[in-house]
Amino acid sequence: MPDAVGPFAEYQPEPGERAERAKVDIVLAVAADVLPIARVQSDVRGNTPEYWAERVARRVSAGAGELVVVARVDGDTAGYGTASLLPEHEDGAPAGWYLSGVTVAHAWRRKGIGRALTEWRMAWLRERDAEVWCFVSARNPASIDLHRALGFTEERRGPSFQGVTFGGGEGVLLVARA
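Note that UniProt numbering gives residue 95 to position 95 of the sequence shown, counting from 1, and the numbers run on in steps of one.
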């Protein structure tokens, strides 16, 4: 069962004093990272690590068109991020490289892990394309603010992007252009 904190970071637009930033290492995920990533995903989003391990393993081994990176602090898995090359979708989301997810363990939130994962993925994607896309739930202002701080602008809002629907019925499609 997910922690009572929920899947999104608590929104703190004026956080005051933040915890010290963690010294994080971000690397491409390999097969040995699948179970630690699955445990983080299970703790944050629910379901069992075995359930998530199958999904994570598919993405780690997918090759071209998929990116999975892991954030480690002192050798421990603190979070991970993904990116995907997606085709144009019937819901109007354009084709391109998308930041397709980031999960940070509850114990490591508000220590710069999510931002570091996002910056790393953006740099990797910018070597491949001038545009980086993402979509987030309109109910996740912490993620919206993070992406805006990294140069993303809102393209539009809608009930789904790339076939993904959102709690509350509204998502935000964002793009960062080089």
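Think of the CB as a built atom: it goes at the ideal place given N, C-alpha and C, for glycine as much as any other residue.
Inset, instruction - Kindly indicate which three-state DSSP category E88 falls into: helix, strand or coil? - result: coil
Inset, instruction - Would you mind sorting L28 into buried or exposed? The rule is 16 or more other CB atoms within 10 Å of its CB. - result: exposed
Inset, instruction - Starting from D33, trace the alpha helix (DSSP H) both ways and give me its first and last residue. - result: Boundaries cannot be given for D33, as no alpha helix (DSSP H) includes it and DSSP labels it neither H nor E.
Legend entry - Contact set for F166: own chain, Cβ-Cβ below 6 Å, skip 5 residues either direction: S137
Inset, instruction - Would you decide whether D76 is buried or exposed? Buried here means 16 or more other CB atoms lie within 10 Å of its CB. - result: exposed
Inset, instruction - Can you have a look at D145 and say buried or exposed, based on whether 16 or more other CB atoms are within 10 angstroms of its CB? - result: exposed
Inset, instruction - Take the Cβ of K111 as the centre, count every other Cβ of all protein chains shown within 10 Å, and call the residue buried at 16 or more, exposed below. - result: buried
Legend entry - Three-pair Cβ contact test at 8 Å for the region 47-54 versus the region 121-128: no
Legend entry - Proximal residues to G163 (C-beta, below 7 Å), its chain only, five neighbours per side dropped: H89, D91
Inset, instruction - Just the C-alpha distance for D43 and W97, rounded to the nearest angstrom, thanks. - result: Between D43 and W97, the alpha-carbon positions lie close to 27 Å from each other.
Legend entry - Span of the alpha helix (DSSP H) around E50: 49-60
Inset, instruction - Please indicate yes or no: does the CB of R128 lie closer than 6 Å to some heavy atom of the ligand MN? - result: Here there are no bound small molecules, and the ligand MN is not part of this structure.
Inset, instruction - Specify the secondary structure class of V40 as computed by DSSP and reduced to three states. - result: helix
Inset, instruction - Flag G81 as yes if its beta-carbon sits less than 7 Å from any beta-carbon of chain D, otherwise no. - result: This model lacks chain D altogether, as it is built from one protein chain only.
Legend entry - Buried or exposed by the 16-neighbour rule on C-beta atoms within 10 Å, applied to N140: buried
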